[in-house]
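Presented below is the structure to which this report refers.
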Amino acid sequence: MISVAMFNNKGGVGKTTLTYHLAHMLQRLGHRVLAVDLDPQSNLTAAFLDEDALGALWNETATPAWGGPHQSRLWSPADRGTGTVVTAIQPIMNGVGDIEDVQPVTITQDLWLLPGDLDLSRFEDRLSDAWPRGFTGNDQAALRVTTAFHRIIQRAATVVDAQIILIDVGPNLGAINRAALLAADAVLMPLAADLFSLRGLKNLGPTLREWRSIWRNTVLPRIPPTIAAPPGAMSPLGYVIMQPTMRLDRPVRAYQRWLERIPTVFATAVLDQADIEIGHKFEIATLRNYQSLMPLAHDARKPMFDLRSADGALGSTQTLVQRCHQDFKVLSEELLRRLDEI
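Anchor point for the sequence shown: position 247 equals 246 in numbering that gives the first Met the number 0, and the numbering is continuous, going up by one each time.
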């Protein structure tokens, strides 16, 4: 069982779309996959589940049914253990106990979702307060808060016997993401070839190293064996370039200029290395822009590479669907190869 967090300090680069499609493709390649939504915006959860299911999950409606084509069972609020990440941390939030077990939602065979919730943002202050109080190892309540995400994910993954865990997090360096990233064995970074992604990398690299150092040198050695704690590896797995839609007011040469700088910034900021060639080796793939497929996939409630003529993918669009399938297959295979090496 290995966990990968999808993270970029800049929003709008296609992080959630990447997570959603990787989850489906890794399942197609024969792996048991658990997708975890730790972004308070809950976009990954909304990608997997339709509005009726979301309303039921968040207690906004009374009698839901899973509506997506990949959802394999009916669900009702009476289902034991069903809920979101917020359901799992609610006892901690209320100050009445530790995490509660939550049963992942079955999306299709060998693919599950640990749903997110907009109320997760309320956990930010609690995590911020617990972080420094855990440095001495004497405050076990603080340590249970800091390790909550790790323990929730591990329990859920054990229930479904997941082999790969994909964690979607928000685009910031706050306390929620710190706890989420500490729970990850590896970090995959989707990037756009622009100034903002490069600036995000420069912020992200030193922060990850600082968190890793504090966790491993100060906190982890003091955590008692009664509290399951992550090793805090957060190994940089590499980056995926997400191509933008080219505009007439943004020439190709501008895109190329930023693209050429990514390996250097990744090597120096993320890896703390001066060797640019090392940065090149961490480029996993470049994904073309599939903008024309996204609305069709959203309406059909399925991955872009599953679109058929009945979904509106006609003519040349079907060729793009096939390319999309091949691109994500190659990306997933390379991701698996790199995971085997860490």
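Glycine included, C-beta positions come from ideal geometry on N, C-alpha and C.
8 Å Cβ shell around residue i - same chain, five flanking residues per side excluded
i	result
residue 207	180, 186, 233, 235, 269
residue 175	37, 39, 119, 120, 122, 123, 126, 168, 169
residue 289	303, 319, 323
residue 45	53
Cutoff 6 Å; reference residue i; Cβ partners in own chain excluding five residues on either side
i	result
residue 302	20, 23
residue 345	A query on residue 345 cannot be resolved here, the shown segment of the chain reaching from 0 to 341 and no further.
residue 332	none
residue 287	242
residue 202	8
Reduced DSSP secondary structure (H/G/I, E/B, other) of residue i
i	result
residue 97	coil
residue 191	coil
residue 238	strand
residue 168	coil
residue 108	coil
residue 24	helix
residue 83	coil
residue 40	coil
residue 1	strand
residue 153	helix
residue 292	coil
residue 317	helix
residue 46	helix
residue 285	strand
residue 183	coil
CB-CB length for residue i against residue j, believed under 8 Å
i	j	result
residue 119	residue 84	6 Å
residue 219	residue 231	6 Å
residue 283	residue 334	7 Å
C-beta atoms of residue i and residue j nearer than 8 Å
i	j	result
residue 8	residue 199	yes
residue 356	residue 41	Outside the modelled stretch of the chain, which goes from 0 to 341, sits residue 356, for which no answer is possible.
residue 197	residue 35	no
residue 213	residue 32	no
residue 142	residue 222	yes
residue 144	residue 106	no
residue 13	residue 294	no
Contact set for residue i: own chain, Cβ-Cβ below 7 Å, skip 5 residues either direction
i	result
residue 265	200, 238, 278, 281
residue 150	98, 227
residue 155	33, 101, 103, 113
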